[in-house]
Amino acid sequence: MRLPVRLPPPATAAAATAAAVIAAVALRRYLRTRSSMATSAHRRGGSAGGVALVVSGKSTEDQRLLASAAGSLALGEGDSVEEITVSRDSGAGAGAGAGFDAAAYMGALRASRFGRWMLWSPSMASTHDLVTQNFAKLPVGVVCVAGVQFRGRGRSKNVWESPAGCLMFSFTSQMEDARKLPLMQYVVCLAMTEAIKELCCYKGLPELEVKIKWPNDLYLKGLKVGGILCTSSYQPKVYNICTGIGLNVDNKEPTTCLNAALKEMKANSPTLKREDILASFFNKFEVLFEIFSNEGFQALEEQYYNSWLHSGQKVVVQDGPEAQRADSVVTIQGLTPAGYLYAIGEDGKSYELHPDGNSFDFFAGLVRRKMET
Numbered sequence: 026m027r028l029p030v031r032l033p034p035p036a037t038a039a040a041a042t043a044a045a046v047i048a049a050v051a052l053r054r055y056l057r058t059r060s061s062m063a064t065s066a067h068r069r070g071g072s073a074g075g076v077a078l079v080v081s082g083k084s085t086e087d088q089r090l091l092a093s094a095a096g097s098l099a100l101g102e103g104d105s106v107e108e109i110t111v112s113r114d115s116g117a118g119a120g121a122g123a124g125f126d127a128a129a130y131m132g133a134l135r136a137s138r139f140g141r142w143m144l145w146s147p148s149m150a151s152t153h154d155l156v157t158q159n160f161a162k163l164p165v166g167v168v169c170v171a172g173v174q175f176r177g178r179g180r181s182k183n184v185w186e187s188p189a190g191c192l193m194f195s196f197t198s199q200m201e202d203a204r205k206l207p208l209m210q211y212v213v214c215l216a217m218t219e220a221i222k223e224l225c226c227y228k229g230l231p232e233l234e235v236k237i238k239w240p241n242d243l244y245l246k247g248l249k250v251g252g253i254l255c256t257s258s259y260q261p262k263v264y265n266i267c268t269g270i271g272l273n274v275d276n277k278e279p280t281t282c283l284n285a286a287l288k289e290m291k292a293n294s295p296t297l298k299r300e301d302i303l304a305s306f307f308n309k310f311e312v313l314f315e316i317f318s319n320e321g322f323q324a325l326e327e328q329y330y331n332s333w334l335h336s337g338q339k340v341v342v343q344d345g346p347e348a349q350r351a352d353s354v355v356t357i358q359g360l361t362p363a364g365y366l367y368a369i370g371e372d373g374k375s376y377e378l379h380p381d382g383n384s385f386d387f388f389a390g391l392v393r394r395k396m397e398t
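Those letters in the sequence shown? Residues 26 to 398, per my numbering, in order.
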């Protein structure tokens, strides 16, 4: 079953749409100006310097298990294989010098299945590539975190540089029911929005209204602050799922970030830390994943709709063959069982909306398909 393709900006009205388009232009300009820097960084620290990984675990046994598995990891293929060096967290916190404290993260982690094994690298091409290429060698639930990522994975094989200040990580899970695969990204989005909300409440911070832009982006005040990528592969009786997440925590470029929004709401507000967000995410995701696995996404729908941008939103869709397509307006009602957008047309009929193309404009690039009744 094909996963729904990723769409960018919407928001709730014309102003949000304009903000999203402006953000998209800024994003493209930012990535162009940074691309040469990413390339030179790769040449300096990629194949020649290899990838340095620091292994951490919730327990000493977890750390030992992961260190043993990490010794056989590979990244890349053929002549592009990168050398990987592995060391254990000494207790001072993996990556502490680069601003990430693994000990603080593990101390805040309550989840028992996800995130208890961690691979940290101050700089690497792609956390998603590492866990995807080494799925069978690593314990299910492992997370790989990077300080800087210069060849991250996006939709349609897009490549992204992720600057310092982002929370960038990829983790693994498994699922037996293929019908649920397209909905996994929605569970991840919901888990992150709920995690940020609960963390702000716990720390006495102003609440950040992070919203879900279908199918897998996170928005704050009309600007994108995060994105999710889920990929899967099949082995007998089970699907291996790799989920990658990028979240703007301290980096104001190219759009905005969580801590900048907190400062705007309250000038002297404390800031959120990546360690706490990562732990809070897995604490929440583990609970939601259990519900999703046992009861299906329907059990989470009401909670999901409370966090998304689209209920009652009118969008322009394209009908007919490509050469003869005409625009029409439909109103979004929710999700179909397959995970696409469910909408009502001006003719009163029900439609399922599928993304089409790679447009930054949410009000274009949707294909309407009449639903069977």
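Quick reminder that beta carbons are idealized off the backbone N, C-alpha and C, glycines included.
{"Asked": "Residue burial classification, E86 (beta-carbon count within 10 angstroms, cutoff 16)", "Found": "exposed"}
{"Asked": "Best match in E219, Y264, L230 and K83 for proximity to L243 [C-alpha to C-alpha]", "Found": "E219"}
{"Asked": "K236 burial status per 10 Å Cβ neighbour count (16 or more: buried)", "Found": "buried"}
{"Asked": "Residue(s) in a DSSP beta bridge with I109", "Found": "V76"}
{"Asked": "Helix, strand or coil at G132 according to DSSP, with G and I counted as helix", "Found": "helix"}
{"Asked": "First through last residue of the alpha helix (DSSP H) which encompasses Y259", "Found": "Element bounds for Y259: not the alpha helix (DSSP H) but the beta strand (DSSP E), L248 to Q260."}
{"Asked": "Inter-stretch contact (C-beta, 8 Å, three-pair minimum) for the segment 355-366 and the segment 257-268", "Found": "no"}
{"Asked": "One or two residues paired with N265 in a DSSP bridge", "Found": "Q199 and S258"}
{"Asked": "Three-state secondary structure assigned by DSSP to D104", "Found": "helix"}
{"Asked": "G82 burial status per 10 Å Cβ neighbour count (16 or more: buried)", "Found": "buried"}
{"Asked": "Y227 burial status per 10 Å Cβ neighbour count (16 or more: buried)", "Found": "exposed"}
{"Asked": "Check whether L224 and L297 have beta carbons under 8 Å apart", "Found": "yes"}
{"Asked": "Cβ-based neighbour list, V168, same chain, cut-off 6 Å, excluding 5 preceding and 5 following", "Found": "G140, M143, F194 and F196"}
{"Asked": "Rounded Cβ spacing between L206 and S257 (contact assumed at less than 8 Å)", "Found": "6 Å"}
{"Asked": "Outcome for D114 when other beta-carbon atoms lying within 10 angstroms are tallied against a minimum of 16", "Found": "buried"}
{"Asked": "Nearest neighbour of G364, chosen from S305, M200 and R204 [CA to CA]", "Found": "R204"}
{"Asked": "Cutoff 8 Å; reference F160; Cβ partners in own chain excluding five residues on either side", "Found": "T197, S258, N265 and C267"}
{"Asked": "Between the CA atoms of L245 and S305 - distance to the nearest angstrom", "Found": "19 Å"}
{"Asked": "3 or more residues per run - each beta strand (DSSP E) lying fully within the segment 308-352", "Found": "339-344"}
{"Asked": "L283 versus A95 - alpha carbon distance", "Found": "33 Å"}
{"Asked": "Contact belief for H210 with V165 at Cβ below 8 Å, rounded distance in angstroms", "Found": "Here residue 210 is Gln; the residue named in the question, His, does not match the sequence. Not really, about 18 Å apart at Cβ, beyond 8 Å."}
{"Asked": "Closest residue to Q402 among Q323, R135 and A127 (Cα-Cα distance)", "Found": "The question about residue 402 has no answer, for the chain in this structure spans 26 to 398."}
{"Asked": "Exposed unless 16 or more other CB atoms sit within 10 angstroms - verdict on A292", "Found": "exposed"}
{"Asked": "Under the three-state DSSP convention, the category F160 falls into", "Found": "helix"}
{"Asked": "Delimiting residues of the alpha helix (DSSP H) encompassing A215", "Found": "Strictly speaking, residue 215 in this sequence is Leu, with Ala absent from that position. It spans M209 to Y227 - the alpha helix (DSSP H) in which L215 sits, taken as one unbroken run."}
{"Asked": "Cβ neighbours of A171 in the same chain (closer than 6 Å, five flanking residues each side left out)", "Found": "S146, M149, T152 and M193"}
{"Asked": "Three-state class that DSSP yields for L378 in the structure shown", "Found": "strand"}
{"Asked": "Beta-carbon contacts of D301 that lie in its chain and below 7 Å, excluding the five residues immediately before and after", "Found": "A133 and L224"}
{"Asked": "Inter-residue spacing [alpha-carbon to alpha-carbon] between V80 and A92", "Found": "6 Å"}
{"Asked": "First through last residue of the alpha helix (DSSP H) which encompasses A189", "Found": "Unbroken run through A189: none, as it is neither H nor E."}
{"Asked": "Residue range of the beta strand (DSSP E) that includes K236", "Found": "K236 to K238"}
{"Asked": "Same chain, Cβ closer than 8 Å to I316, neighbours up to 5 away in sequence not counted", "Found": "A324 and L325"}
{"Asked": "Where the alpha helix (DSSP H) through D372 begins and ends", "Found": "Taken as a continuous stretch (DSSP letters only), D372 belongs to no alpha helix (DSSP H), as it is neither H nor E."}
{"Asked": "Span separating the alpha-carbon of Y130 from that of S332", "Found": "26 Å"}
{"Asked": "Exposure label - N319; buried when at least 16 CB within 10 Å", "Found": "exposed"}
{"Asked": "Candidates M290, L208, S112 and D372: closest to P240 by CA position", "Found": "L208"}
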